[in-house]
Structures are given as C-alpha cells and as structure tokens.
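J.: Below is one structure. I have some questions about it.
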Amino acid sequence: MSQVQVGRIFQLAILFSLLFSSTPLRAQEGATNNNPPLDEAINPFFNFLKQIDFTSRFKFEYDDNIFLTETGENADSRMVFSQGLRYEKSSGPHYLNGSYLGDFTYYQDEAVDIMSNQANIAYSYRPADQFSFGVGHHFTSIEDSNITTTIGDRVVTLGYKQFSPYVQMQYELNPLLTFNTTFNYSHLDVRNQTTDTFIDNNRYKFTEKLEYQIADDAQLYGFVGYDWDKISFPQIDQKSSTLNRRFVGLTKKYPGLVNVTSELGFFERTFTQNTDTNDENIDYKVSLESVFSVYTRLYASFVGNVNQPSLRSDYSDYSSNILSLGLSHALNPKTNLLINYSFENQEFDAPDALIGVAEQGKGTNIHTLGLDLNRKLRAWLDLDVTYTYTKRDTDFAAEGYIDNKVGVALTARY
C-alpha cells in the first residue's frame, strides 16, 4: 500500500472519528435554563451538526471477475469505506435538503484505490396549495482506475464527472387535473482521453405531463405528455440527435391489492447530420406494485423498445427492452430480505451504424440478480449480507462476462 493510499485511509479515519464525536459537549454545571450551554453559545456550528443525519459504512466484498473479462478472470477482495450525510430544513412554504456520499474503495491484490463522490441539493417553494416550484442539482465524480465498469451500453475502464441540474414545476388546475413540467441538463465528462471521444456529451431534456382523475370510485387515473430530449457529442457531431416523444398512459389502483400503470409512447429521433437514418417507432411501459401487505412488497415492470443514444464509436443509438422484478419481505421486525432481478436486451440495428462503419446488426443480453439480507443489530446499526450475479452475453468482441460478488457491510447512523 503506497504512502498516498495510507494517507487517504488515515484522513478518512480522522473524518469518521470527528463525525462520531460531533455531539456537543455537556453544558457546564453553572449553566441555567435561561442561559444556553457555553459551547453552543460560543460555537453555533454544534447546533447545525445536530440537524445533520450522518451515515458511516464499512463493506468487505469479494469479486471473482474485477476486470469483467470473458476469459482469464481475476478475483480480488475490496474494502469500501463510505461516509454520508443528509440535511433537511423546512420553514413554511420553503423546503431544503442536501446529501453527500463519499466512497473510498481499496482493492487488496491490485493495490489500487478509487475515490468516488456523490452530492445532491434540492430546494422547493410552495406559495399556494395549487402551485409548487423546485430546483436541484446532482453531482457524481469517480476517479480514473484500471478497474472495469459499465456505463450505458459500454464496458470500459474510466473515471468521469457528471453534473445534472434540474428545474420542476407543478400546478393543480383543479382537484381533478394537475400539470407538471421538468427541465433537466446533464454534462458527462470522461477523464480517460483514450476512450472519451464517443462518450463525452451534453444532454437537455424537457418534459410536460398532464395528469387527470378519470373516475374516483374506480381509482382510475390518466396522463398525457411530451418529452423533448437533445444530446450532443462535442467530438463527433454525427452522433448528436434530438428525440421528440408523445405519450399517454393509465394508472389503475386496486385497493388493498396492487397498483398498475401502463404507458404508450410515440417517438422520433432526428440526427443532426441529414446523412444519418432517423428513427420512428412506438415504445411501451407496464409496472405493477403490490399494496396488500406492509411486510411484503412485490414489484414488476417491463419497458419495451425504448430508444437510447449509444456511447459506442460505431453506432448512433439502440433499442432497449428491460424486465425488472423485485421482492421485499420482512422476516421479522429486525430482519428484511430484498431480492431483485433484471433482464435487459439491447438491439443495435444495421441502419444505426455510423458512416464509414460496416452495417451489421448486433445484440446484448444482460442478466442481473441481487440479494440483500438486512439485520438491525441496534437502533443505529445495520448488518447487510449481499450477493450480486451478472451475466452479459453479447455480439461485441471481448465484452461478454460472468461476475459474482459476495459482501458483508456494517452501517452506522447517528
């Protein structure tokens, strides 16, 4: 372990100790009910710390294929130190919340470490019962490393930064009719100069949605809307495009049983360069969520023929079909079991190959199974035992793999 890595772990240990000891000192015996404790009077920062929810986590995980290779798999164990915090404040029509999560991951055999950071901040203002307005920002940063990961439709080795601010507005036209609008901007900047030519992008998305109650007694709700989604690739304009999508859907609630939502979309993707083939098609979504028990939750969803921009060097876009299944069950008041499974099919049609690339249709199938057994050891301490299985079958060379991960984690909240 290098001096830099030792220094990082030492700094993280100091941060943990400071946060664990962040409770203000006891008041001196001379303090009275009319006078605040001396430490709070001198340093109001202690009062601010009381309003923050802190989370510290240590996870040990074994991974039998850290480089996600088809053959010659390399196994390694890793330790993940995580520190999170969350702050919430509400005052009348104003609401503010912010959160941060930092992960320091150290791979034992590879003797490498990765630092990642995530931060969120959101503010909302509700001057009237019928109207609300909100703004927010999400930031993600992952250091460069030789550990392989997946992003979009690619398997790559890279680090990146992503900025995602947004604006939201909701207006209740009447008790049966509500209008929502959202604007999102996303900037993805990949650090690795050898792979970011086809990945770096700026994305703008605007959504309008009108929700209406069709029948109160029948628990039936409808919605219609419009999506505008523009993505630009600074280094290769041939991949830049704009998506226009109109959608309609229904939500049916069966009291005490299940909620069902279905959606049908009509989209057209237009590319900046006229030589590219534009895409027109229909997508669809169905989801079910059980409400028959507070101890058991079932979830299932399927999205079909959803058009996505490709981060590859040889295709402009692809269609995605995703099946998701989930189960959450409380075995007893202190033990909870989570099971999640997903299957994704990615289809790359021959006409979507970029200019100068031989047209050839290809596909990728991805199976993911996740298990999490959570046990509450104390009111402030959780134990998690996790298992993740991933299998990727693909027509792209050297991108198929099988990966198994087994982990144990302790999480403290204070």
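Be aware that the sequence shown starts at 274, since it is given in the numbering used here, and climbs by one per residue.
Backbone N, C-alpha and C fix where the C-beta goes; we use that ideal spot for every residue, glycine too.
Could you name the residues of the same chain whose beta carbon sits closer than 6 Å to that of ASP666, not counting the 5 residues immediately before and after it, in chain order?
T.: ASN638 and GLY673
J.: Hey, ASN647 and ASN609 are a contact pair by Cβ (cut 8 Å); roughly how many whole angstroms apart?
T.: 5 Å
J.: If distances are taken between C-alpha atoms only, which option among PHE496, ARG351, SER397 and LEU530 comes closest to GLU562?
T.: LEU530
J.: Taking GLN508 as the reference, which of GLN492, ILE472 and ALA491 has the closest Cα?
T.: ILE472
J.: Under a Cβ-count criterion, where at least 16 other Cβ atoms within 10 Å of its own Cβ denotes burial, should LEU627 be classed as buried or exposed?
T.: buried
J.: Contact check, TYR494 vs GLU484 under 8 Å by CB: the rounded distance?
T.: 7 Å
J.: Specify the secondary structure class of ASP510 as computed by DSSP and reduced to three states.
T.: ASP510: helix per DSSP, three-state reduction.
J.: For SER589, list the residues DSSP reports as bridge partners.
T.: SER589 pairs with nothing; no bridge assigned.
J.: Our contact map puts ASN580 next to ASN554 with C-beta atoms below 8 Å; I'd like the distance itself, whole angstroms only.
T.: 7 Å
J.: Going by Cα to Cα distance, which pick from ASP668, ILE325, GLY498 and ARG399 is closest to GLY634?
T.: When only C-alpha atoms are compared, the closest one is ASP668.
J.: Look at LEU369 and TYR396 and say whether their C-beta atoms are less than 8 Å apart.
T.: yes
J.: Going by DSSP in three states, ALA631 sits in which element: helix, strand or coil?
T.: In the three-state reduction of the DSSP assignment, ALA631 falls in the coil class, being assigned neither a helical nor a strand state.
J.: Provide the residue span of the alpha helix (DSSP H) that contains LYS323, from first to last.
T.: From DSSP, the alpha helix (DSSP H) with LYS323 extends over 318 to 323.
J.: Residue range of the beta strand (DSSP E) that ASN551 falls in?
T.: Where ASN551 is concerned, there is no enclosing beta strand (DSSP E), given that its DSSP letter is neither H nor E.
J.: Quick one: grab the DSSP three-state call for ALA348.
T.: coil
J.: Given a cut-off of 8 Å, decide if ARG651 and ASP326 are closer than it, judged by their beta-carbon atoms.
T.: Cβ distance not < 8 Å, so ASP326 and ARG651 don't count as in contact.
J.: Determine the direct distance from the alpha carbon of VAL564 to that of PHE496, and round the result to whole angstroms.
T.: 22 Å
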